[in-house]
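Student: Here the protein sequences line up with chains U and P, keeping their order.
Going by the UniProt record's numbering, the letters in the first sequence line up with residues 1 to 352, in that order.
Going by the UniProt record's numbering, the letters in the second sequence line up with residues 1 to 320, in that order.
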Amino acid sequence: MPEETIGSCTVKRLSILDPQGNADEILLPPLRGEDIRRLYELLVLSRTFDGRALALQREGRLGTYPSILGQEAAQVGSAFALEKSDWVFPSFREMGMHITLGYPMHLLYQYWAGDERGLVSPDDLNILPVCVAVGTHIPHAVGAAMAASYRGDRNAVVCYFGDGATSKGDFHEGLNMAGVFRAPVVFICQNNQWAISVPYDHQTAAPSLAQKAWGYGFEGIQVDGNDVFAVYRATRAALEKARSGGGPTFIECHTYRMADHTTADDASRYRPPEEVADWRDKDPVLRLRRFMTQRRLWNEEYERRVLDEATAAVDEAVRRAESAPKPAATEIFDYTNAELSPRQERQRKETG
Amino acid sequence: MPQMNMVQALNLALRQEMERDPNVLLLGEDVGRDGGVFRISEGLQEEFGADRVIDTPLAESGIVGTAIGMALYGLRPVAEIQFMGFIYAAFDQLCSHAARIRSRSRGRFTCPLVVRTPYGAGIKAPELHEESTEAFFCHMPGIKVVVPSGPYSAKGLLAAAIRDPDPVVFLEPTRLYRLIREEVPEEKYTIPLGQARLAREGDDITVISWGSMVERSLKATEGYRVDLLDLQTLSPFDEEAVLASVRKTGRVVIVQEAAETCGFGAELSATIAARAILHLRAPIVRVAGFDVTMPLPKLEDHYIPSVERIGKALDEVLTY
C-alpha cells in the first residue's frame with residue numbers, strides 16, 4: 001500500500017491594522033466610533049496603570065510586578081469581546097483584561113502589593129484569581145466550560161496564558177480534554193516571545209503555537225496581537241462559536257513583552273536591544289492612534305483628555321489601595337478551610 | 001439491614017448523592033462504561049448519563065484540574081484516580097490549586113471536590129498500584145484526608161466528603177474492597193469528618209490506626225484490653241479522642257501501612273508527646289511499613305505490617 005496523506009494542517013494569521021494605522025476594510029469589525037474610542041481609552045488606561053505600577057514598585061510601594069507593556073491590545077481587544085457573565089481564568093500578566101472588564105484597579109494594586117483581598121472578584125464578574133503557577137489553570141478553564149455546558153448555561157470561558165505555558169503538561173491535558181468534550185472555552189495565548197530569558201525557539205520547534213490546536217482537533221488561529229481589531233474579531237468569533245456549541249478555539253496573539261519579565265528581572269542580560277526596538281515600531285497604542293487620526297477620531301485635545309482621565313483614575317486607585325485598612329493577623333485563618341479545625345482554632349488564638 | 005462489601009457501599013453512596021444533588025458528577029479513567037476498574041461506579045453511567053459519569057482521557061492532572069474547574073463553577077465533582085500511585089501527576093493540582101483557591105480568592109471561589117483513589121498494598125498488583133502515601137496530603141493545609149476502614153464507614157464518610165465545602169482526598173483501602181461484609185443501612189447517612197471511631201474499647205493500650213490497617217489491628221488486638229481508635233479522617237484528625245484514650249491507658253501503639261519516616265504516626269506521636277506525655281507509662285511504638293520502596297507482589301507481605309508485628313508491639317508496651 002502506498003503512503004497517503006491522512007491530514008494536513010493549515011495555520012491562518014489574522015491582521016487587520018498595520019503599524020502605520022491602515023486597516024483592511026473588509027476585515028475591520030463593525031465597531032462604532034465610540035467603541036473605537038473606548039478601545040483606545042482602555043489601551044491608554046492599561047498603559048497608565050502599568051507605568052504607575054512600575055513606578056510604585058521602584059518606590060517600594062508595590063511588590064514584584066509583571067509589566068503588560070506592549071501587550072495591551074491582546075488583553076483589551078480580547079476582553080472587549082467578552083460578556084460580563086463569561087468566566088475568565090487569567091495567568092498573571094493580564095491587567096489590561098481586568099481593566100477592560102471593569103475589575104476595580106485599586107484591587108489590582110492591592111494584590112500586587114501583597115494583599116489577597118485584591119483577588120476578590122466583584123460579584124458581577126467571574127474573574128478567577130491570578131494564577132502564578134504557569135499554565136496549571138488551563139484544565140480549570142476547561143472544567144468550568146464543561147460545567148457551563150452541563151448546566152446548560154450560555155456562558156463561555158476564556159483562559160489566558162503565555163508562550164511558556166504551552167510547554168507544560170497541563171496545557172496538553174487541558175486542551176486535549178477541551179477537544180474531546182467540545183468545551184465552550186477560548187484559549188488566548190499571549191505569545192510575547194520570551195518566557196523570562198527563554199526565547200520562542202527554545203520553547204518550541206513548532207513554527208506557530210496556533211497549529212498546536214490542530215493536534216487536539218479544534219481550530220487554532222494566530223492573530224497580530226498588537227492589532228486590537230484582529231484580537232477583538234478573532235475572540236468574538238471564537239466566543240460565538242463556543243456559545244453555539246462549536247467547541248473550543250485557540251488564539252495565539254503574536255505580541256512582544258516590551259519590559260522585563262517582572263520588576264525582579266533584567267532583560268538586557270539576555271535579549272538584544274535591536275529586537276526590542278523593532279517591536280517598538282509595532283506598538284499597539286500608536287497604531288490605533290494613527291488609525292483614529294486617519295478617521296478623525298483622534299486629536300491632541302482628545303489625547304490630553306484621555307491621558308488626564310487615565311491619570312486621575314489611576315491616582316484614585318492608588319489612593320484607595322494604599323488607604324485600605326491593614327488586614328487583621330487572624331485573617332490568615334479565615335479562608336484556608338470553610339471551618340477551622342480544633343487545632344487551627346488553637347493556632348488562631350496564638351496570632352491574637 | 002443488608003450486608004454489603006465496601007464496593008457496594010461506595011457505589012450506593014455515589015448513587016444516593018447523585019440522586020440528592022444534581023451538582024454531583026463523576027469523572028475519571030474508565031469510571032463510566034466500565035464502571036471503574038474496581039466497579040465502584042458500576043451502573044451509574046447507565047443511570048445518570050455520560051455527561052454526568054464522564055470517561056476522561058488518561059490524564060491525572062487533567063482529571064483533577066478539570067474537576068477543580070467544575071467545582072469553581074459550582075458543581076460537586078467526584079474525581080477518581082485509578083490508583084494512588086498515579087495521583088502524583090495530579091499532586092500539583094491538589095496542592096497548588098484545590099487546597100488554596102478558597103484562601104487565594106478570600107472565599108469568593110471554593111473547591112468542593114472529592115478525589116477518590118484506591119490505596120494500599122496486598123492485592124498483588126504491579127508497581128505504583130499499592131501506595132499508601134497519605135501523609136503527603138495531610139501536610140497540605142486546605143485539603144482534608146479521609147480513609148474509611150470498612151463498608152459502613154465508607155458509605156457515610158463518602159457522603160460527608162461529597163457534601164463538604166472543601167477538597168477531600170478520599171483513600172479507599174484496596175485490599176478491603178471485597179474482604180469485609182457488614183451491615184450497611186440502605187438509607188442515606190453521613191459520618192462527620194474529623195471524628196474518630198472506637199472500634200474496640202479497653203483500658204490497657206490505645207491502638208491508633210486507619211484505613212487498611214484497622215482490620216489487621218482488630219485481629220491483632222483480640223484478647224487484649226485496648227481502645228482501638230479508627231481515625232477515619234486524618235486531616236483534620238480527632239485530637240481529643242486520641243488524647244482522651246491515651247490519658248486513660250497510658251500506652252500507645254500506632255499502626256500505619258505507610259513507611260515509618262514522616263508518616264502520619266509521627267504527627268500522632270508528637271501530639272501525644274506534647275499534650276499527654278505525663279500520662280504515658282511506656283514509649284510510643286509505631287508499627288509501620290519500612291522505609292523502603294514499596295516491593296512488588298513477591299515481597300509485599302514482608303512490607304505490610306502483619307498481625308504478628310502488631311502483637312509484638314502490644315506486648316512490648318504492656319511489659320515495658
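We treat Cβ as the ideally placed atom computed from N, Cα and C, and that holds for glycine.
As the structure is a prediction and not an experimental result, all values here were calculated from the model.
Give the straight-line distance between the Cα atoms of P/Lys-155 and U/Ala-145, rounded to the nearest whole angstrom.
Tutor: Counting from one through the second sequence, the residue named residue 155 of chain P turns up at place 155. Counting from one through the first sequence, the residue named residue 145 of chain U turns up at place 145. For P/Lys-155 and U/Ala-145, the distance between alpha carbons rounds to 30 Å.
Student: Using 7 Å as the threshold, is the C-beta distance between P/Leu-158 and P/Leu-10 below it?
Tutor: Start at 1 with the first residue of the second sequence, and residue 158 of chain P comes out as number 158. Start at 1 with the first residue of the second sequence, and residue 10 of chain P comes out as number 10. Yes, the pair counts as a contact, with Cβ atoms nearer than the cut-off.
Student: Examine chain P for any beta-carbon lying closer than 7 Å to the beta-carbon of U/Asp-170, and answer yes or no.
Tutor: As a working note, residue 170 of chain U is residue 170 in the first sequence. Yes, U/Asp-170 lies at the interface with chain P (some Cβ there is under 7 Å from its Cβ).
Student: On the three-state DSSP scale, how would you describe U/Cys-159?
Tutor: Locating residue 159 of chain U in the first sequence gives position 159, where the first residue counts as 1. Strand, per DSSP.
Student: Can you tell me which of U/Phe-291, U/Lys-241, U/Phe-250, U/Val-285 puts its alpha carbon nearest to the alpha carbon of U/Asn-226?
Tutor: In the first sequence, counting from the first residue as 1, residue 226 of chain U sits at position 226. Of the listed residues, the one whose Cα sits closest to U/Asn-226 is U/Val-285.
Student: Scan the region 195-228 of chain P and note each continuous alpha helix (DSSP H) run of 4 residues or more that stays entirely inside, going in chain order.
Tutor: The qualifying runs are 212-220.
Student: Of all Cβ atoms in chain P, is any one closer than 7 Å to the Cβ of U/Ser-121?
Tutor: Translated into positions along the first sequence, residue 121 of chain U becomes position 121. At least one chain P Cβ lies under 7 Å of U/Ser-121.
Student: Straight-line CA distance for P/Cys-138 to U/Arg-346?
Tutor: Residue 138 of chain P sits at position 138 when you count from the first residue of the second sequence. Residue 346 of chain U sits at position 346 when you count from the first residue of the first sequence. Distance between the alpha carbons of P/Cys-138 and U/Arg-346 is about 18 Å.
Student: Give the range of the alpha helix (DSSP H) segment to which U/Gly-169 is assigned.
Tutor: Within the first sequence, numbered from 1, the residue matching residue 169 of chain U stands at position 169. Looking at the DSSP string, the run of the alpha helix (DSSP H) that includes U/Gly-169 is 169-181.
Student: Strictly under 7 Å for the Cβ-Cβ distance: is U/His-140 near chain P by that measure?
Tutor: For this step, residue 140 of chain U is matched to residue 140 along the first sequence. Yes, because at least one Cβ of chain P sits closer than 7 Å to the Cβ of U/His-140.
Student: Grab the span of the alpha helix (DSSP H) containing U/Trp-279 for me, first residue to last.
Tutor: Along the first sequence, one-based indexing puts residue 279 of chain U at 279. Counting along the chain, the alpha helix (DSSP H) containing U/Trp-279 begins and ends at 273-280.
Student: If contacts are defined as beta-carbon pairs under 8 Å, then U/Gly-21 and U/Phe-333 qualify, I think. What distance do you get, rounded to the angstrom?
Tutor: Here the question's residue 21 of chain U lines up with position 21 in the first sequence. Here the question's residue 333 of chain U lines up with position 333 in the first sequence. Wrong, their Cβ atoms sit about 54 Å apart, outside the cutoff.
Student: Output needed in chain order: residues of the region 136-168 of chain P with a Cβ under 7 Å from some Cβ in chain U.
Tutor: Against chain U - using a Cβ distance shorter than 7 Å - the residues of the region 136-168 of chain P are Pro-141, Gly-142, Pro-165, Asp-166.
Student: Using a threshold of 7 Å, state whether the C-beta atoms of U/Val-11 and U/Gln-211 are closer than that.
Tutor: For the purposes of this step, residue 11 of chain U is identified with residue 11 of the first sequence, where counting begins at 1. For the purposes of this step, residue 211 of chain U is identified with residue 211 of the first sequence, where counting begins at 1. Yes.
Student: Could you tell me whether the Cβ of P/Met-70 comes closer than 7 Å to any Cβ of chain U?
Tutor: For the purposes of this step, residue 70 of chain P is taken as the residue at position 70 of the second sequence. With 7 Å as the cut-off, P/Met-70 counts as an interface residue toward chain U.
Student: For the alpha helix (DSSP H) containing P/Ala-13, list its first residue and its last residue.
Tutor: As a working mapping, residue 13 of chain P is identified with position 13 in the second sequence. Run containing P/Ala-13: 6-20, per the alpha helix (DSSP H) assignment.
Student: Tell me whether P/Lys-144 is buried or exposed, calling it buried when 16 or more other Cβ atoms sit within 10 Å of its Cβ.
Tutor: Position 144 of the second sequence holds residue 144 of chain P. Burial call: buried.
Student: Taking DSSP as the reference, what is the three-state secondary structure of P/Arg-116?
Tutor: Taking the first residue of the second sequence as position 1, residue 116 of chain P is located at position 116. In the structure shown, P/Arg-116 sits in a strand (DSSP, three-state: E or B).
Student: Taking C-alpha atoms, which residue in U/Leu-42, U/Leu-209, U/Leu-56, U/Asp-201 lies nearest to U/Val-318?
Tutor: Indexing the first sequence from 1 puts residue 318 of chain U at position 318. It is U/Leu-56.
Student: Could you name the residues that DSSP lists as bridge partners for P/Ser-235?
Tutor: For this step, residue 235 of chain P is matched to residue 235 along the second sequence. In DSSP, P/Ser-235 forms a bridge with P/Val-145.
Student: Could you pull out every unbroken beta strand (DSSP E) segment of at least 3 residues lying fully inside the region 3-91 of chain U, listed in chain order?
Tutor: With a minimum length of 3 residues, the continuous beta strand (DSSP E) runs that stay inside the region 3-91 of chain U are 12-14, 87-89.
Student: Under 9 Å Cβ-Cβ, which residues of chain U neighbour P/Gln-16?
Tutor: Position 16 of the second sequence, counting from 1, holds the residue named residue 16 of chain P. Ordered by position in chain U, no residue passes the 9 Å Cβ test against P/Gln-16, which lies about 20 Å from the chain.
Student: So, helix, strand or coil for P/Gly-28, using DSSP?
Tutor: Translated into the one-based positions of the second sequence, residue 28 of chain P becomes position 28. Note: P/Gly-28 maps to strand in three-state DSSP.
Student: Over the uninterrupted alpha helix (DSSP H) stretch that includes U/Glu-309, give me the two end residues.
Tutor: What you label residue 309 of chain U is simply residue 309 of the first sequence in a count that begins at 1. Where U/Glu-309 is concerned, the enclosing alpha helix (DSSP H) stretches over 300-322.
Student: Taking 7 Å as the threshold (beta carbon to beta carbon), is P/Pro-192 in contact with chain U?
Tutor: Counted from its first residue, the second sequence places residue 192 of chain P at position 192. Not one chain U Cβ lies under 7 Å of P/Pro-192.
Student: Please list the segments of the alpha helix (DSSP H) lying wholly inside the region 177-258 of chain U, counting only runs of 4 or more residues, in order along the chain.
Tutor: The region 177-258 of chain U contains these whole alpha helix (DSSP H) runs: 200-203, 212-215, 228-243.
Student: At a CB-CB cut-off below 7 Å, which residues of chain P make contact with U/Val-180?
Tutor: Position 180 of the first sequence, counted from the start, is the residue given in the question as residue 180 of chain U. Simply Pro-57.
Student: Determine the extent of the beta strand (DSSP E) in which P/Pro-151 is found, giving its start and end residues.
Tutor: Taking the first residue of the second sequence as position 1, residue 151 of chain P is located at position 151. Element bounds for P/Pro-151: not the beta strand (DSSP E) but the alpha helix (DSSP H), 151-163.
Student: Check whether the Cβ atoms of P/Pro-167 and P/Cys-95 sit closer than 7 Å, and answer yes or no.
Tutor: Taking the second sequence and counting its residues from 1, one reaches residue 167 of chain P at position 167. Taking the second sequence and counting its residues from 1, one reaches residue 95 of chain P at position 95. Their beta carbons are not under 7 Å apart, which means P/Pro-167 does not touch P/Cys-95 by this criterion.
Student: Taking only the alpha-carbon atoms, compute the straight-line gap between U/Asp-170 and P/Gly-65 and give it to the nearest angstrom.
Tutor: The sequence position of residue 170 of chain U within the first sequence is 170, counting from 1. The sequence position of residue 65 of chain P within the second sequence is 65, counting from 1. Looking at the two C-alpha atoms, the distance is approximately 8 Å.
Student: Out of P/Ser-41, P/Thr-206, P/Lys-188, state which residue places its alpha-carbon closest to the alpha-carbon of P/Ala-196.
Tutor: For the purposes of this step, residue 196 of chain P is taken as residue 196 along the second sequence, with counting starting at 1. P/Ala-196 has its Cα closest to that of P/Thr-206, out of P/Ser-41, P/Thr-206, P/Lys-188.
Student: Consider the Cβ of P/Thr-233: report whether some Cβ of chain U lies at a distance smaller than 7 Å.
Tutor: Walking along the second sequence from the start, residue 233 of chain P turns up at place 233. By this cut-off, P/Thr-233 is not an interface position.
Student: Just the chain U side, please: which residues come within less than 7 Å of P/Thr-66 by C-beta, in chain order?
Tutor: Counting from 1 along the second sequence, the entry for residue 66 of chain P is found at position 66. Residues of chain U passing the Cβ test: Pro-139, Val-142, Gly-143, Met-146, Met-177.
Student: Looking at C-alpha atoms only, which residue of U/His-202, U/Met-105, U/Phe-92, U/Arg-348 is the closest neighbour of U/Thr-136?
Tutor: Counted from its first residue, the first sequence places residue 136 of chain U at position 136. If we check each option's Cα against that of U/Thr-136, U/Phe-92 comes out closest.
Student: Pick out whichever of U/Asp-163, U/Gln-294, U/Arg-320, U/Gly-143 has its Cα sitting closest to the Cα of U/Pro-104.
Tutor: Position 104 of the first sequence holds residue 104 of chain U. With distances taken between Cα atoms, U/Pro-104 lies closest to U/Arg-320.
Student: Please confirm whether P/Arg-181 and P/Gly-122 have their CB atoms less than 7 Å apart.
Tutor: The count along the second sequence starts at 1 and reaches residue 181 of chain P at position 181. The count along the second sequence starts at 1 and reaches residue 122 of chain P at position 122. Contact flag unset, no.
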